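Terminal number for the sequence shown in this note's numbering: 622, no gaps in between.
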Amino acid sequence: MSANASAQPQLLSRLNERSVMRVLQDHGPCSRADVSRRMNTSAPTVSKAVASLLRAGLLEEFDVKENGRGRPAKQLRLASETAQVLGLVIDAAECRIVVAGMDGVLRGEGEVSFETPKTYDRFLREAVHHARRFINSVDVTTLGLGISVPGLLDYRKEQGLLSPNVPMTNGHSPSRDLSERLGINCVVLQETHALCLAERRYGAAQKLNDFGMLDISTGLGLGIISSGRLLTGHSGLAGEIGHIPIEENGRLCGCGARGCLETVASDSALAWLVSERLGRRIEIGEIVAAVGRGELSVQSELDLVCKRLAFALATVINLFNPATLFVYGRLFELEDDLFARVCNEARRRSLGPSFADCELVRARGSKRQGAIAGIIEYLTDSLVPDFPVAAAGIFQDNASLRENGMGRR
């Protein structure tokens with residue numbers, strides 16, 4: 214028997230395991246019979262796949278009483294009581310670590326934040342310290358860690374190339390270094406890609422195969438999903454719309470250039486403008502809170518930023534023709550109708566047919582959910598079927614994942 218022929222049963226088994234995981238991710242808790250029906254697969258095949266997933270700790274079995282009579286029925290769910298995954302969001306001002314089950318539901322009591330260190334070594338010490346508290350504090354198995362990072366990320370080397378807002382990650386591999394120190398699977402995602410995955414898995418893009426995600430929070434990043442695939446460019450660096458030069462002698466950007474779009478059309482741009490006027494540093498969260506209390510007015514700065522932001526929206530619509538464009542950011546919390554006003558200005562600047570065919574929506578997902586979704590996606594497609602099978606969603610196939618270094622064990 215050839216090696217290829219002998220590998221076929223193993224490949225089929227692992228494909229079945231992945232399919233079971235997908236059914237439970239898409240439909241929630243199910244009985245074995247429900248899983249079998251949704252997969253259009255025989256009961257013995259499903260039972261074999263379920264047994265393997267239970268041993269791996271990715272699924273749990275629980276009892277459900279039917280009408281209060283007879284023996285409880287057995288149902289399956291993604292592991293949420295016996296296993297956990299961690300998410301790490303690296304951002305300009307602070308880093309956050311969150312906890313969730315394999316169902317992706319964030320645990321309110323499981324979150325910690327710390328000020329983003331200036332040096333990478335200090336960052337590793339802080340991240341390891343806080344992550345170990347979660348790993349060691351409860352009687353559950355920690356299956357992995359997803360990491361969301363800003364800036365340019367080389368997925369092939371699993372390494373940060375250039376992060377204007379968090380430069381301490383430049384030239385380093387948080388996923389590789391944290392995996393070595395924590396002894397768990399780690400996967401790294403560029404933050405806009407993480408937002409795309411969060412929106413597709415848990416937000417308003419669950420049924421969409423063509424959409425864009427514009428992240429206006431720390432900088433200005435763009436993710437485009439076309440036919441269910443993430444457009445990454447030749448080396449994974451596509452989407453840095455924030456570094457389109459818009460003002461020849463504008464403010465110095467963290468990338469080293471002047472007048473980049475993200476310096477005038479983002480949450481951080483608004484915070485910088487307000488900070489300049491007040492003569493002290495103030496973050497976007499503080500601005501939202503102070504405006505809400507009636508203690509601060511930022512109308513002039515907000516008008517300027519929103520005008521530039523409308524230009525950014527129009528640029529994305531004209532260039533990529535997305536069916537839906539999600540926008541992630543906090544400045545829209547400042548006024549109830551602000552998002553609608555920005556959309557109207559974008560309409561004026563866009564090509565009519567392109568704008569008419571695009572729905573503009575505020576994003577519901579978050580970077581925290583993106584980091585969690587990243588590790589769950591990786592575990593679903595790489596840990597169980599440790600085999601080069603095709604991955605669903607926005608990820609590449611597993612062979613490319615391993616080749617490109619998106620995950621570490």
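Don't be surprised by glycine CBs; every beta carbon is placed ideally from N, CA and C.
If you're wondering where the values come from, they're calculated on a predicted model, not measured in any experiment.
Exposed or buried, G432, counting other C-beta atoms within 10 Å across all chains shown (16 or more means buried)? buried
Report all residues from its chain with a CB closer than 8 Å to the CB of S232; omit the five preceding and five following residues, and keep chain order. M252, T254, A262
Answer with buried or exposed for V277, where buried requires no fewer than 16 other C-beta atoms within 10 angstroms of its C-beta. exposed
Among D334, A292, T258, T476, whose alpha-carbon lies nearest the alpha-carbon of E273? A292
Could you tell me which uninterrupted alpha helix (DSSP H) segments, each at least 4 residues in length, are contained entirely in the region 507 to 542, listed from first to last along the chain? 512 to 533
Taking the alpha-carbon positions, what's the F608 to R442 distance? Legend: pLDDT at F608 = 44, less than 50; position of this residue unreliable, value from coordinates given subsequently. Answer to the nearest angstrom: the Cα atoms are 7 Å apart.
Look at the Cβ atom of R521, then the Cβ atom of V574, and state whether they are nearer than 7 Å. no
If you reduce the DSSP assignment to three classes, tell me which class N349 lands in. helix
In this structure, does DSSP put I500 in helix, strand or coil? helix
For P387, does the three-state DSSP call read helix, strand or coil? helix
Contact check, V312 vs G321, beta carbons under 7 Å: no
Cβ-heavy atom distance, G469 to the ligand SAM, below 6 Å: For the ligand SAM, the structure offers nothing, since it holds no ligand at all.
Which residue from T382, L402, E475 puts its Cα closest to that of Q581? Checking the sequence shown, residue 581 turns out to be Arg, not Gln. That would be L402, whose Cα lies nearest to the Cα of R581.
Classify E475 as helix, strand or coil using the three-state DSSP reduction. helix
Hey, A344 and L358 are a contact pair by Cβ (cut 8 Å); roughly how many whole angstroms apart? 7 Å
If you compare alpha carbons, which of V379, L299, R413, K287 is closest to K331? V379
Apply the 10 Å Cβ neighbour rule to S540 and answer buried if 16 or more other Cβ atoms are within range, or exposed otherwise. Per the sequence shown, residue 540 should be read as Val rather than Ser. Buried, by the Cβ-count rule.
Could you tell me the alpha carbon to alpha carbon distance between V341 and N398, rounded to whole angstroms? 14 Å
At the level of alpha carbons, what is the spacing between D247 and A418? 25 Å
Please work out which residues of its chain come closer than 6 Å, Cβ to Cβ, to M619, disregarding the five sequence neighbours upstream and downstream, and give them in chain order. Interpretation of M619 is limited by its pLDDT of 46, a score under 50 that renders its predicted location unreliable; the figure taken from the coordinates is listed afterwards. Closer than 6 Å at Cβ, skipping near neighbours: Y368, V400.
Rounding to the nearest angstrom, what Cα-Cα distance links A470 and S244 in this structure? 57 Å
Is it true that the CB of G270 sits closer than 7 Å to the CB of T355? no
Three-state class that DSSP yields for S265 in the structure shown: helix
Pairwise C-alpha distance: G578 and K420: 14 Å
Pairing CB atoms from the region 528 to 539 with CB atoms from the region 491 to 505, are three or more of them under 8 Å? no
Are the CB atoms of R309 and R242 within a distance shorter than 7 Å? In the sequence as presented, Arg is not what sits at residue 242; that position holds Pro. Not in contact: P242 and R309 (Cβ atoms no closer than 7 Å).
Apart from the five residues just before and just after T258, which ones in its own chain have a Cβ nearer than 7 Å to its Cβ? N229
How should F275 be labelled, buried or exposed, when 16 other C-beta atoms within 10 angstroms of its C-beta is the threshold for buried? exposed
Starting from N557, trace the alpha helix (DSSP H) both ways and give me its first and last residue. 551 to 562
Once DSSP output is grouped into helix, strand and coil, what is the label at R493? coil
From the beta carbon of S249, is the nearest beta carbon of chain D less than 7 Å away? The structure shown has no chain D; it contains just one protein chain.
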